[in-house]
Amino acid sequence: MSVVGAGRGGGGGRPGARISGGDAEAQRAINAEAPHIPHLLRRIAALFAPHKAKLSVTIALVLVGAALSVVPPLLTQQAFDRGLFPQHQRGPDLQVLGILVGLMIAVYVVSALLGVWQTWLTATVGNTVMGELRVGLFRHLQTMELGFFTRTKTGVIQSRLQNDVGGVANVLTNTISSVLGNTVTVIAAFIAMLLLSWQLTIVALFLMPVLVIAQRRVGQVRARIAAKSQESLSEMTAITQEALSVSGVLLAKSFNRQRAETDRYADENRRQVGLQVRQQMSGQWFFALVNIFLSAVPAIVYLVSGLLITGGAAGITAGTIVAFTTVQGRLLFPLMGLMRLALDVQTSQALFARIFEYLDLRPSITDAAASAPVDRTLVGLVEFDGVSFHYPDASEAEPTLREVSFRIEPGQFAAFVGPSGAGKTTIGYLVPRLYDVSGGAVRFAGTDVRELRHDDLIAEIGIVSQETYLFHSTIAANLRYAKPDASDAELHAAARAANIHDTIMSFPDAYETVVGERGYRLSGGEKQRIAIARVLLKDPAVLVLDEATSALDTVSERVVQQALDAASRGRTTIAIAHRLSTIVGADVIFVVERGRVVEHGTHAELLAANGTYARLFEQQR
535 MSVVGAGRGG GGGRPGARIS GGDAEAQRAI NAEAPHIPHL LRRIAALFAP
585 HKAKLSVTIA LVLVGAALSV VPPLLTQQAF DRGLFPQHQR GPDLQVLGIL
635 VGLMIAVYVV SALLGVWQTW LTATVGNTVM GELRVGLFRH LQTMELGFFT
685 RTKTGVIQSR LQNDVGGVAN VLTNTISSVL GNTVTVIAAF IAMLLLSWQL
735 TIVALFLMPV LVIAQRRVGQ VRARIAAKSQ ESLSEMTAIT QEALSVSGVL
785 LAKSFNRQRA ETDRYADENR RQVGLQVRQQ MSGQWFFALV NIFLSAVPAI
835 VYLVSGLLIT GGAAGITAGT IVAFTTVQGR LLFPLMGLMR LALDVQTSQA
885 LFARIFEYLD LRPSITDAAA SAPVDRTLVG LVEFDGVSFH YPDASEAEPT
935 LREVSFRIEP GQFAAFVGPS GAGKTTIGYL VPRLYDVSGG AVRFAGTDVR
985 ELRHDDLIAE IGIVSQETYL FHSTIAANLR YAKPDASDAE LHAAARAANI
1035 HDTIMSFPDA YETVVGERGY RLSGGEKQRI AIARVLLKDP AVLVLDEATS
1085 ALDTVSERVV QQALDAASRG RTTIAIAHRL STIVGADVIF VVERGRVVEH
1135 GTHAELLAAN GTYARLFEQQ R
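With the first letter of the sequence shown counted as 1, position 332 gets the number 866 in this note's numbering; the numbers rise by one all the way through.
Spelled out as structure tokens, the structure:
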């Protein structure tokens, strides 16, 4: 066994000590830059590609429905001019009027049925695309390296999944049908208005260019406000996640900081309320102007019609005027819908940009193009060869590890000890390749871990940390996280090996006992032994124990240590220890100080050397 440790290393083995959270820092970390609008629109359109069949039917229904929407006004003109007030007879022509009324009702019925079908299709496609986007984002985040999560607040990530994706739901659900339907309706209404009277059409539409320019300006303002609003929502979600978790509540109560936490949330909430009001009001004056204009048009049409009739213009009849104002009324809502949709799309660009920022992240830890298989004859062999490491945002001049080399044989119990911040936990992170080395190589079963499939590597390694994480579920479900198809007998065997089976059976619900969030209904020793049983159920070749008993009292530590001793039999064990009493029987002990291995040997050899280990042991004794 060779051990080399040279140079000065930086303190702080845990990444959390080096990287702070925060939405702003997360944005800087991922180098966020909003995509150009055409590219963004192409990516949004690509989300709908798997649903071409339903979209084709939707488009057909929209086109037919939009075309039908302008038929009733034309029938109205005929009903007035040929049914109610025919030119060549006294009184209404009831036969013609009856046919026209029947056609109008038929058009309304068909339009309603097509509308229901279209709504179902658009709702199905839109919500499916939104669900796929959310799952795709979640799946992509699962591939990110550990460092991404240590520098990004959990609440910020949750906000991307919930608030941002939810914020674009309306655009995903209604965009295609609204754009097509309203566009076709507007075009058809415009053509119908021209057919009825080109003079009145000019009167009705003379201010439209001004409205389009105003709409674009309002959309840009709302997009900027939407981006700020989502950042504020992210911060609120982060505050909620931190302050209302069990750990957060305990901390606040311990320091009597409930009011301060409430004030922090209230301050961000006030900012969010202000942004929401600004976003709501940013388009109201614009739409008020549109409403006034479009609502005043019929009155202006009546006036202009009177002037045209007085001037002897041909083709201006009572039916023409009624039909024209009806068509113009049909134009109002589609036009308003298009303008609102244009504002929604502009507003949603900021949200889509935030979503695509995360989808565009590339994990720093990926499998090699030609991954090597794990050599089964050397499983359990762990080697560090001149390993140097610094965390992504740490100074290269002060690395956490520098030029560290050692070799752990299969089946050997190796312990790493040293003062806090020496780099012990970092060594535990590098073995399963939770981070990549900055220099040198970590080898598993004789192969550089960067050349192995990460899934194959992780399958051979089990980790028990000081901060045991249990899901808010039953004990059985937490155990089966390691092996979903495990039988009850396998659960019981693993629990017995971890010295927790009898304790579980003493609970009223036994293995169906719900442990509470993060296992808070259990004691520290019980949680640790369940975590050990979970690892035993995985049955890894290498076991990494990261200060697994440091937070326990003496009695619990002894019980858990017995479970750990049982778990270590027959497999390579890497124990990162704070309490030296737990590793005195290790086959080899590595002493880590300031990022380098300064001593190694057995407990007796290190005491005899009277170096750093002997000093630490004496202090603890």
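Note that the Cβ used here is the ideal one computed from N, Cα and C, for glycine as well.
Among the residues of its own chain, which have a CB less than 6 Å from the CB of residue 1161, if the five just before and after it don't count? Because residue 1161 is not part of the residues shown, which for the chain are 535 to 1155, the question remains open.
With 16 other Cβ atoms within 10 Å as the buried cut-off, status of residue 558: Since pLDDT at residue 558 reaches only 42, below the 50 mark, its modelled position is unreliable, and no value is offered.
Extent of the continuous beta strand (DSSP E) to which residue 1111 belongs: Unbroken run through residue 1111: none, as it is neither H nor E.
Name the DSSP beta bridge partners of residue 639, please? Answer is none; residue 639 lacks a bridge partner.
Residue 793 versus residue 897 - alpha carbon distance: 39 Å
Could you give the distance in angstroms between the alpha-carbon of residue 726 and the alpha-carbon of residue 672? 49 Å
At a cut of 8 Å, does the stretch 986 to 993 reach the stretch 1101 to 1120 through at least three beta carbon pairs? no
Taking the alpha-carbon positions, what's the residue 973 to residue 951 distance? 22 Å
Nearest-angstrom Cα separation, counted from residue 682 out to residue 688: 11 Å
The alpha helix (DSSP H) spanning residue 590 covers which residue range? 586 to 603
Quick check: the Cα distance between residue 876 and residue 884, rounded to an integer number of angstroms? 14 Å
Quick one: give me the first and last residue of the beta strand (DSSP E) that residue 935 is part of. 935 to 942
Whole-angstrom Cβ separation of residue 718 and residue 600, contact assumed at under 8 Å? 3 Å
Would you report the Cα separation of residue 632 and residue 722, rounded to the nearest angstrom? 26 Å
Bounding residues of the beta strand (DSSP E) (the contiguous stretch that carries residue 919): 916 to 923
Hey, residue 996 and residue 1074 are a contact pair by Cβ (cut 8 Å); roughly how many whole angstroms apart? 4 Å
Short of 6 Å in beta carbon distance, which residues of its chain neighbour residue 882, apart from the five on each side in sequence? Order them along the chain. 702, 705
For the beta strand (DSSP E) containing residue 690, list its first residue and its last residue. No beta strand (DSSP E) holds residue 690; the alpha helix (DSSP H) holding it covers 688 to 693.
Check whether residue 1123 and residue 1097 have beta carbons under 7 Å apart: no
Around the C-beta of residue 1003, are 16 or more other C-beta atoms found within 10 angstroms, so that it is buried, or is it exposed? exposed
Simplified DSSP state of residue 565, which is helix, strand or coil: Caution is warranted here: a pLDDT of 39 is assigned to residue 565, below 50, making its placement in the model unreliable, and the coordinate value is therefore given only provisionally. Residue 565 falls in the coil class under three-state DSSP.
Within 10 angstroms of the Cβ of residue 962, are there 16 or more other Cβ atoms? Answer buried if so, exposed if not. buried
For a minimum of 4 consecutive residues, which ranges assigned as the alpha helix (DSSP H) are wholly contained in the stretch 980 to 1059? 988 to 993, 1009 to 1013, 1022 to 1031, 1035 to 1039
C-beta atoms of residue 767 and residue 854 nearer than 7 Å: no
Measure the alpha-carbon distance for residue 1108 versus residue 1026 and round it to whole angstroms. 26 Å
Report the rounded CA-to-CA distance for residue 648 versus residue 666, giving the unit in angstroms. 27 Å
Say whether the stretch 1049 to 1059 touches the stretch 1003 to 1023, bearing in mind that this needs 3 or more beta-carbon pairs closer than 8 Å, one atom from each stretch. yes
Compute the distance between the beta-carbons of residue 1071 and residue 1031, then report whether it is under 7 Å. no
Locate the alpha helix (DSSP H) running through residue 681, then write down its first and last residues. 680 to 684
If you drop the 5 nearest sequence neighbours on each side, which residues of the same chain put their C-beta closer than 8 Å to that of residue 1100? 1031, 1032, 1033
Alpha carbon to alpha carbon, how far is residue 1057 from residue 758? 49 Å
So, at 8 Å on beta carbons, what are the nonlocal neighbours of residue 893 in its own chain, with the 5 sequence-adjacent residues on each side left out? 670, 671, 674
Between the C-alpha atoms of residue 634 and residue 857, what's the straight-line distance to the nearest angstrom? 14 Å
Quick one: Cα of residue 1047 to Cα of residue 1061, how far? 13 Å
7 Å Cβ shell around residue 888 - same chain, five flanking residues per side excluded: 694, 698, 764
What did DSSP end up calling residue 906 once you bin it into helix, strand or coil? strand
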